[in-house]
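Structure first, then comments.
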């Protein structure tokens, strides 16, 4: 039986009060809460204040309707549905009686809300369970008191409390007001995983109806009476700065109320302050179209302030870094140099990937209303707390005078971890002294930076005369961050192993892009292993399983980021589901597996040739993300990740000439479309009782490897350089 | 500037505006019908799809001056209570992730199904190829279109 504490050092994670209009209101710290096994902190160690911040609410109304106020940003991972499911499970109410609302707007409530790194569910799991279980326990105590019984004499399920050996029953709604007076229990019992009724089922998106009817949910849809609109123009190239522009002419254009240059330099920038350009031309006016016309009429003088890099420059820098760059992180097991020397076969291959943009379909935008002593910001951000801090620095205002509220987010993929567009809106609002909504055009969005870095890695494997993998090395460079995870697979599975990470410089700005670095390493490593397996004359799944077997029985070295049994588990599951080994005429198969963000995913791709084009016909995915919360929504995330992985590795790239991206919109930057998506994607989950882990990212990386391996079967050529469509495709 | 009388979602609306203004911005900025989305502005992504008469068009490429007497339908006017068969199918198949492109997808799909009530998979792919879903919900969109087609034919 698992118990969970509701307090730490007499400070409670839970606050209970009477709800307006009757019933019970339970406030709790949504993202944090004492874990069942939280180690006792040493005397004098500061307890993080966010442990106790109340930012989620459960209202149990007298009618029995339960309203769960979720503070989380929704970027499409469906947490506004799946997280309340966890509360409802422990509270034990029927889902039909649950309403999910956005937590009311208030300063500070959104601190510590964050949607990144596939962390939402992982961080909240215990807190959400505790809140629900506390509510259930308090309702039971209130009923026990009412009837003069002990809690042990009662059962609570589906919103009803019943006398175990009697006739009496009472609904949560009827007893809720009385539960307000019950003392908050110091610890509560959580349900056994086997007793889950709601978790693991499929619950439809609580915002579905609003989405299909076009309700104003997104930042770009936000409107406030009296607000103006603004657009920006940043320099056309990295390494350029704005000097001046035809201000008078622009200001005289129809609908334009103001035009000026903003400086958004932040003192001591934090991790989410990545800024492509700090000085921007801002144009303010009444309508978007008029602002777009004014942008076209801009005549700006740009001055060169840094190097104007081209794709050639980038390639040369990566090549040079791989030869002579400084290694910033590494791992070495055994003696790889000696092992390569005595190997019967050595395979060495180089892989690369270009810069890519996030291209969230909703372009960057933010509303800001800056007054003399306060700032209010509303819009699509994954990191409201970071934005708050940056705006406070920019405007030189105390943190408590800044309010950030979140809208639904029209795609994140990491892009909206960065807060510059909110900062820019604040700078514009300050200058005009009124409320304003900043809107990026697609071109502004695509050419602003914050891209996925460009990567280049060299993989090398040595096989002995019996085709055993005796040596493995990888050296990876990135602009700016090398794509290496030294302690990931196959570390631990090969006696002689080396991994070296090399960083190199660029003035093109970069940031986290869905499954950072994994979105490259998975494709490279998994297609390399496929080639090595082939050279060893082994089936690609058996070859990997042999390596996992080694890592389980007799791991090499001390540290690993992965659990070899769970890794092997998804491969075995996908092998079974896809009937791996079965051959069908004109069907070409590839496989890959990858672990990132605490979740294991293996994928098998079946490709066919349609009208001379290799096309993915069917995909099988096996996923180990621990307990599955919302089954169909979890499948949706994995399916989306697979399509995203295929799309970007096959079609997408940003190339540069004299510091400027060559692709500015979807006419030249290709995103995957309906006809290019697989015809079918089946998703299978490993059933276990491990706490749930993230799904936003892990579906994507292995898709690139599986695609490359299936493409090889179709074309007879290996694919080393993304996007694969730029490599010559010879079919048949 | 010029005066226009526009038929939007069954109502007649007056506006005095630059004739080159695309309907996308007329709807969003002037009538606060923000269900129609801006994605690219160059007719590549389909997020701004509306109906002009019975035809799905990219509102970012439709100047207000070209509308004339034709009826405009946006996502807000597709059905009275969000119960158009295509909207219902979208909810049934739980299609969306971020949801931003879906109004455009629904508007394109509903116009397409009106012309082709029994589409093949291939026909759906061709018809929907101009609508980008950055989250990759393409398979669910296809399934929802088939669900809507079978419910309409039921």
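Residue numbers (the numbering used here), protein chains in the order written: chain A, 4 to 735; chain B, 9 to 162. Note that CB positions come from ideal geometry on N, CA and C, so glycine has one too.
Run down chain B in chain order and give the residues with a C-beta less than 8 Å from the C-beta of residue i.
{"i": "residue 642 of chain A", "result": "144, 145, 147, 148"}
{"i": "residue 291 of chain A", "result": "33, 36, 37, 46"}
CA-CA distance, residue i and residue j?
{"i": "residue 43 of chain A", "j": "residue 631 of chain A", "result": "Residue placement at residue 43 of chain A is flagged as unreliable, the pLDDT there being 45, under the threshold of 50; a coordinate-derived value is accordingly withheld."}
{"i": "residue 44 of chain B", "j": "residue 85 of chain B", "result": "11 Å"}
{"i": "residue 477 of chain A", "j": "residue 97 of chain B", "result": "48 Å"}
{"i": "residue 369 of chain A", "j": "residue 387 of chain A", "result": "12 Å"}
{"i": "residue 15 of chain A", "j": "residue 9 of chain A", "result": "6 Å"}
{"i": "residue 382 of chain A", "j": "residue 411 of chain A", "result": "8 Å"}
{"i": "residue 218 of chain A", "j": "residue 55 of chain B", "result": "14 Å"}
{"i": "residue 604 of chain A", "j": "residue 610 of chain A", "result": "19 Å"}
{"i": "residue 473 of chain A", "j": "residue 204 of chain A", "result": "45 Å"}
{"i": "residue 578 of chain A", "j": "residue 7 of chain A", "result": "39 Å"}
{"i": "residue 305 of chain A", "j": "residue 239 of chain A", "result": "8 Å"}
{"i": "residue 226 of chain A", "j": "residue 289 of chain A", "result": "12 Å"}
{"i": "residue 73 of chain A", "j": "residue 88 of chain A", "result": "11 Å"}
{"i": "residue 408 of chain A", "j": "residue 385 of chain A", "result": "11 Å"}
{"i": "residue 404 of chain A", "j": "residue 447 of chain A", "result": "30 Å"}
{"i": "residue 129 of chain B", "j": "residue 298 of chain A", "result": "42 Å"}
{"i": "residue 39 of chain A", "j": "residue 341 of chain A", "result": "The predicted model places residue 39 of chain A with a pLDDT of 38, which falls under 50 and marks its position as unreliable, so this point remains unresolved."}
{"i": "residue 313 of chain A", "j": "residue 512 of chain A", "result": "14 Å"}
Mind pulling the chain A residues with CB within less than 9 Å of residue i?
{"i": "residue 136 of chain B", "result": "676, 677, 678"}
Could you check what DSSP says for residue i in three-state terms: helix, strand or coil?
{"i": "residue 6 of chain A", "result": "strand"}
{"i": "residue 671 of chain A", "result": "coil"}
{"i": "residue 388 of chain A", "result": "helix"}
{"i": "residue 599 of chain A", "result": "strand"}
{"i": "residue 361 of chain A", "result": "coil"}
{"i": "residue 230 of chain A", "result": "coil"}
{"i": "residue 551 of chain A", "result": "helix"}
{"i": "residue 736 of chain A", "result": "Nothing can be reported for residue 736 of chain A: it is not among the residues displayed for chain A, which extend from 4 to 735."}
{"i": "residue 74 of chain B", "result": "helix"}
{"i": "residue 556 of chain A", "result": "helix"}
{"i": "residue 317 of chain A", "result": "helix"}
{"i": "residue 27 of chain A", "result": "strand"}
{"i": "residue 105 of chain A", "result": "strand"}
{"i": "residue 141 of chain A", "result": "helix"}
{"i": "residue 29 of chain B", "result": "coil"}
{"i": "residue 223 of chain A", "result": "helix"}
{"i": "residue 718 of chain A", "result": "helix"}
{"i": "residue 18 of chain A", "result": "strand"}
{"i": "residue 651 of chain A", "result": "helix"}
Would you mind giving the Cβ-Cβ distance between residue i and residue j, rounded to the nearest angstrom? I have them listed as a contact below 8 Å.
{"i": "residue 53 of chain B", "j": "residue 669 of chain A", "result": "6 Å"}
{"i": "residue 348 of chain A", "j": "residue 538 of chain A", "result": "6 Å"}
{"i": "residue 142 of chain A", "j": "residue 175 of chain A", "result": "5 Å"}
{"i": "residue 431 of chain A", "j": "residue 303 of chain A", "result": "Actually they do not touch by this definition, with Cβ atoms about 17 Å apart."}
{"i": "residue 700 of chain A", "j": "residue 644 of chain A", "result": "7 Å"}
{"i": "residue 180 of chain A", "j": "residue 30 of chain A", "result": "Not really, about 16 Å apart at Cβ, beyond 8 Å."}
{"i": "residue 259 of chain A", "j": "residue 286 of chain A", "result": "6 Å"}
{"i": "residue 364 of chain A", "j": "residue 414 of chain A", "result": "5 Å"}
{"i": "residue 505 of chain A", "j": "residue 526 of chain A", "result": "In fact, because the Cβ distance is near 19 Å, the residues do not count as touching under 8 Å."}
{"i": "residue 623 of chain A", "j": "residue 556 of chain A", "result": "Between residue 556 of chain A and residue 623 of chain A the Cβ distance is about 28 Å, and since that is not below 8 Å, they are no contact."}
{"i": "residue 533 of chain A", "j": "residue 712 of chain A", "result": "5 Å"}
{"i": "residue 194 of chain A", "j": "residue 92 of chain A", "result": "7 Å"}
{"i": "residue 678 of chain A", "j": "residue 133 of chain B", "result": "4 Å"}
Closer than 6 Å: is that where the CB of residue i sits relative to any heavy atom of the ligand SAH?
{"i": "residue 477 of chain A", "result": "Of the ligands one can find in the structure shown there are none, so the ligand SAH has no counterpart to examine."}
List, in chain order, every chain A residue whose beta-carbon is nearer than 7 Å to that of residue i.
{"i": "residue 40 of chain B", "result": "226"}
{"i": "residue 49 of chain B", "result": "444, 445"}
Below 9 Å on C-beta distance, what does residue i contact in chain B?
{"i": "residue 207 of chain A", "result": "99, 100, 102"}
{"i": "residue 212 of chain A", "result": "90, 95, 99"}
{"i": "residue 411 of chain A", "result": "106, 107, 108"}
For residue i, which residues in chain A fall below 8 Å Cβ to Cβ?
{"i": "residue 58 of chain B", "result": "Simply none; closest approach about 10 Å."}
Residues of chain B with CB closer than 7 Å to the CB of residue i, please, in chain order.
{"i": "residue 215 of chain A", "result": "90, 95, 98, 99, 110, 114"}
{"i": "residue 414 of chain A", "result": "106, 108, 142, 143"}
(request) Flag this pair as touching only if the stretch 315–330 of chain A and the stretch 265–278 of chain A have three or more C-beta atom pairs under 8 Å; answer yes or no. (result) Taking 8 Å as the limit for Cβ pairs, the verdict is that the stretch 265–278 of chain A does not touch the stretch 315–330 of chain A.
(message) Could you check whether the stretch 350–357 of chain A touches the stretch 454–467 of chain A, counting it as contact only if at least three pairs of C-beta atoms, one from each stretch, sit closer than 8 Å?
(response) Result yes; three or more Cβ-Cβ pairs closer than 8 Å.
(request) Tell me, please, whether the stretch 558–578 of chain A touches the stretch 592–600 of chain A by the rule of three or more beta-carbon pairs shorter than 8 Å. (result) Enough Cβ pairs lie closer than 8 Å, so yes.
(request) Inspect the CB distances between the stretch 491–509 of chain A and the stretch 545–554 of chain A and report whether three or more fall short of 8 Å. (result) Because the criterion of three Cβ pairs below 8 Å is met, the stretch 491–509 of chain A and the stretch 545–554 of chain A touch.
(message) Using 8 Å as the cut-off, can you tell me whether the stretch 311–324 of chain A makes contact with the stretch 503–523 of chain A, which would need three or more C-beta pairs spanning the two stretches below that distance?
(response) Using a Cβ-Cβ distance cut-off of 8 Å, the stretch 311–324 of chain A and the stretch 503–523 of chain A are in contact, since at least three pairs of beta carbons, one from each stretch, lie closer than that value.
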